[in-house]
Amino acid sequence: MTGTAPLFVLDRCSFGYTATPVLVDISMDLDSGRFYGLLGPNGSGKTTLLDLLTGAAHPLAGRLTFHGREVGTYGKAALARLLAVVPQDLHISFDFTVYDVVMMGRHPFIPRFSPPSTADIDLVQAALAEMDISALQHRSVMHLSGGERQRVLVARALAQNTPVLLLDEPTASLDIRHTLDIMKILRRKVTETGITVIATIHDLDLASVFCDELIVLHAGSLYCHGPVAAVMTAPLIREVFAAEAVVFNDELLGKPRVQYRYA
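The working numbering puts the sequence shown at residues 5 to 267.
Structural data, given as structure tokens:
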């Protein structure tokens with residue numbers, strides 16, 4: 005805990021579609037300046053929880069606050085200046101260039117009918133460079149690979165330069181080099197600038213190495229939430245993910261590591 009008021013407070017939040025519950029009675033506090041890994045099997049409610057945190061969906065029961073205010077009371081522009089979102093895929097119907105899409109991250113900060121400032125352009129170019137897509141900036145996003153599109157989405161969020169960053173499977177479709185690059189960049193930004201990152205992650209070993217805390221969902225409920233060392237255990241992996249693994253301490257990193265049993 006940081007000793008300051010929590011960033012997000014979820015108090016018995018539930019959400020579902022018609023008669024199908026997706027999240028049930030979720031309660032937890034999330035602090036600023038932490039890297040949270042959101043874990044759980046497919047269908048456990050991870051993306052739905054991110055939707056609640058971003059205001060894309062609203063609890064059907066319970067209360068969710070962000071900086072002490074219910075998320076639903078923020079206007080879209082005000083919320084976009086406070087948190088950036090990386091969805092699972094790029095849903096764009098028009099033939100925008102990579103540069104255009106990344107510049108969209110600056111739109112909440114640019115006055116209407118005004119051109120981007122030098123500072124906006126610098127943030128976009130820095131984000132393109134961090135995601136190793138500067139050479140692609142004049143290409144159409146319609147002609148990119150899945151991994152390239154994913155890096156464009158992360159670059160757009162980095163250019164937005166908000167104190168909170170929420171990512172839904174940010175390393176999906178990426179090769180190992182770019183997976184590690186993104187995780188290192190997120191880790192560095194949390195450590196050096198104090199931003200908050202909340203990311204759904206399927207790779208349990210990556211989550212153990214890079215995150216500060218883990219949030220584990222199972223069948224729509226909060227299974228557990230806490231520091232990585234307390235959460236990442238072989239019994240948890242067996243009970244939640246139905247997989248056998250050895251969890252060992254990496255003395256060099258000072259972190260738990262996960263090695264699966266394949267036989």
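Think of the CB as a built atom: it goes at the ideal place given N, C-alpha and C, for glycine as much as any other residue.
Report the three-state DSSP secondary structure of residue i (helix, strand or coil).
i           : result
residue 136 : coil
residue 63  : coil
residue 39  : strand
residue 70  : strand
residue 88  : strand
residue 204 : strand
residue 124 : helix
residue 170 : strand
residue 116 : coil
residue 94  : coil
residue 233 : helix
residue 77  : helix
residue 176 : coil
Counting C-beta neighbours from all protein chains within 10 Å, is the total for residue i 16 or more, i.e. buried, or is it exposed?
i           : result
residue 229 : buried
residue 239 : exposed
residue 103 : buried
residue 42  : buried
residue 198 : exposed
residue 146 : exposed
residue 254 : exposed
residue 38  : buried
residue 47  : exposed
residue 72  : exposed
residue 80  : exposed
residue 52  : buried
Run through the DSSP bridge pairs and tell me what residue i is partnered with.
i           : result
residue 263 : 250
residue 228 : 220
residue 55  : In DSSP, residue 55 forms no bridge with anything.
residue 144 : 101
Considering just the uninterrupted stretch of the alpha helix (DSSP H) at residue i, what are its terminal residues?
i           : result
residue 189 : 180 to 197
residue 102 : 102 to 107
residue 157 : 150 to 164
residue 9   : From DSSP, residue 9 is part of no alpha helix (DSSP H); its letter is neither H nor E.
residue 239 : 238 to 245
Apart from the five residues just before and just after residue i, which ones in its own chain have a Cβ nearer than 6 angstroms to its Cβ?
i           : result
residue 89  : 58 and 170
residue 49  : 26, 27, 221 and 224
residue 13  : 33 and 69
residue 16  : 29, 31 and 66
residue 140 : 102
Considering residue i, what are the terminal residues of the beta strand (DSSP E) in which it resides?
i           : result
residue 19  : 12 to 21
residue 29  : 24 to 34
residue 209 : No beta strand (DSSP E) contains residue 209, which is instead part of the alpha helix (DSSP H) from 208 to 214.
For residue i, collect the residues of the same chain with a Cβ closer than 7 angstroms to its Cβ; drop the 5 residues on either side in sequence, then sort them by chain order.
i           : result
residue 20  : 26 and 64
residue 212 : 232, 236, 259, 260, 261 and 262
residue 4   : Residue 4 is absent from the model: the chain starts at 5 and stops at 267.
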